[in-house]
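>
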Ligand code: OVM
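Residue numbers (the working numbering): 228 to 631.
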C-alpha cells in the first residue's frame, strides 16, 4: 500500500448505507457481501472506500503513515468539518503528537499497574453475582451484569466522584454514534449533548478526582513533565469516553456467547482459566467496536485501486474478524481456536490502550459467574441496541441454575 499504480482498477461500487438500522442491528449479511465484492468497495452514499477483508483491514490499521487518524476516525473529515468536541489526543492524533499521551496512558493501564485491581475486582464481581442471584433465577443479564459490573469497577478505578455516574453510558453511546453519519441516532441525543459533555469534562479536572486512581496518575504524569497540564484532562476524558460502553458490550458478547453455547459454559466451569481465551474469542466473534475510519494521506493503492488523497476509508473490524480467508468456520464461537490476531481491539499504533483493563474485567466477572452458575439459557429473544459504531445490546433475558 504505497504509491498509486500506473493503471488503476475501478473498485466495485455500492450504494448501501451501513449505518441504517437494518445493517447496524444485523451486520453479518452486509459484511459478507462487502468481503465478496472485492478487497475495497466504493460506498457512493458517503463517498468513502470500505475495507471488509482481514488482509486489507489489518494492512490499513498498521499503516498509519498512509491512513491517518488526525483527520478523525469517524465519517467527519476534520480537514473540512468542525469536530463535535476537541479531538482526542490519542484516538484522533498521529505521531508525533500522539506519542506522549499514548506512552503515559500505556504505562498507567499496563498489566503490572493493574495487579492491585485484580483482587478488588474479583470481590466486586462475586458480590454483584451474589446479589443478582439472590433476586431469583431470571433476570436481564445485560443490565444486571454487563452494565452493572463495569459501572461498579471502572469509575472507581479512574477515581471520579459518586455523583452523576448515570451520565457515563449515555455519553459513551453518544460519542460512538458521533463516528457515524449525522443520522437519527445522532439527532436523538442532540438536546443533551451539551449537558453530557459538560458533566464529563468536569470529571476530568484534578480536583474532581480521587488521589489513587488512573485520573490522578494522569495528572501526576503532567507534574513529571510527561504531559502538559492542558493535555491531562483530555487524557482523562479518553478513559471516560472509551472505557465504559466498550466493556459493557464486550461483556455482553461473552454472556450472549455462553447463553447460546451451554456446552462451552460447562468447559469454562471445569477450566476457569479459559475465561481469558473466551473473552478474546467473543471479541473476535462479536467485535463490540465494529468500525473506524481513517483518512488517506496520499493517493493510496489498495489491491490495485486508488483511494484518493484526503478521502475517508471505512474499516469493518467485525467483517475482518469473520473473514473465512483468515479464520476457519469464522461464524462459530469456538474456544479451541486461537483468536489472537483479531482486530477487535484494532492493531498497530492505536491498538486499544485499555485492553488489559477490559480483559481483567471479563476475567473477574466470568470467573465469579462460573463458580456460582451451573448453567444458564436465554428465556426470550435478546435485543440489540442500534449504535453507529458499537455492536450494542439492550436486553439479554436469561434463566440461571445456581450451583449447589
Ligand atoms: C478517546 C477514545 C478512544 C477510543 C475510542 C473512543 C469514543 C474514544 O480517546 O476519546 O470512542
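Idealized CB from N, CA, C, for every residue including glycine. Small disclaimer: the values here were computed from a predicted structure and weren't measured.
1. Give a yes or no on whether the C-beta atoms belonging to residue 516 and residue 478 are separated by under 8 Å.
2. Residues in the same chain with beta-carbon distance under 6 Å from residue 280, minus the five sequence neighbours each way, listed in chain order, please.
3. Do residue 373 and residue 355 have their C-beta atoms closer together than 8 Å?
4. Have a look at 470, 590, 538, 304 and flag the residue whose alpha-carbon is nearest the alpha-carbon of residue 501.
5. Any heavy atom of the ligand OVM closer than 7 Å to the Cβ of residue 567?
6. What three-state label does DSSP hand residue 610 in the structure shown?
7. Spatial neighbours of residue 394 within its chain, please: C-beta separation below 6 Å, excluding the five flanking residues on both sides.
8. Can you tell me where the alpha helix (DSSP H) holding residue 445 begins and where it ends?
9. Distance check for residue 530 and residue 286, CA to CA, integer angstroms please.
10. What is the DSSP secondary structure of residue 269, reduced to helix, strand or coil?
11. Is residue 385 helix, strand or coil by DSSP?
12. Give the DSSP-derived three-state secondary structure of residue 484 in the structure shown.
13. Examine the ligand OVM and report whether any of its heavy atoms sits within less than 7 Å of the Cβ of residue 464.
14. Closer than 7 Å to a non-hydrogen atom of the ligand OVM - does that hold for the CB of residue 402?
15. Report all residues from its chain with a CB closer than 7 Å to the CB of residue 611; omit the five preceding and five following residues, and keep chain order.
16. Kindly indicate which three-state DSSP category residue 255 falls into: helix, strand or coil?
17. Between the C-alpha atoms of residue 418 and residue 401, what's the straight-line distance to the nearest angstrom?
18. Excluding the five sequence neighbours on either side, which residues of its own chain have a C-beta within less than 8 Å of the C-beta of residue 625, listed in chain order?
19. Please state whether DSSP places residue 626 in a helix, a strand or coil.
20. Restricting to Cα atoms, I'd like to know which of 413, 331, 456, 301 is closest to residue 397.
21. Which residues bound the alpha helix (DSSP H) around residue 415?
22. Identify whether residue 277 lies in helix, strand or coil by the three-state DSSP scheme.
23. Pull up the DSSP beta-bridge partners for residue 523, would you.
24. With burial defined as no fewer than 16 other Cβ atoms inside 10 Å of the residue's Cβ, what is the status of residue 514: buried or exposed?
25. Could you tell me whether any non-hydrogen atom of the ligand OVM is closer than 7 Å to the CB of residue 317?
26. Any heavy atom of the ligand OVM closer than 7 Å to the beta-carbon of residue 303?
27. Please confirm whether residue 532 and residue 238 have their CB atoms less than 8 Å apart.
28. Considering only the beta carbon of each residue, do residue 542 and residue 332 sit closer than 8 Å?
The relevant details are as follows:
1. no
2. 262, 266, 550
3. no
4. 590
5. no
6. strand
7. 423, 426
8. 441-450
9. 11 Å
10. strand
11. helix
12. helix
13. yes
14. yes
15. 252, 619, 620, 621
16. helix
17. 11 Å
18. 365, 366, 367, 368, 482, 486, 603, 604, 605, 606
19. strand
20. 413
21. It is not in any alpha helix (DSSP H) - residue 415 carries neither H nor E in the DSSP assignment.
22. strand
23. 294
24. buried
25. yes
26. no
27. yes
28. no
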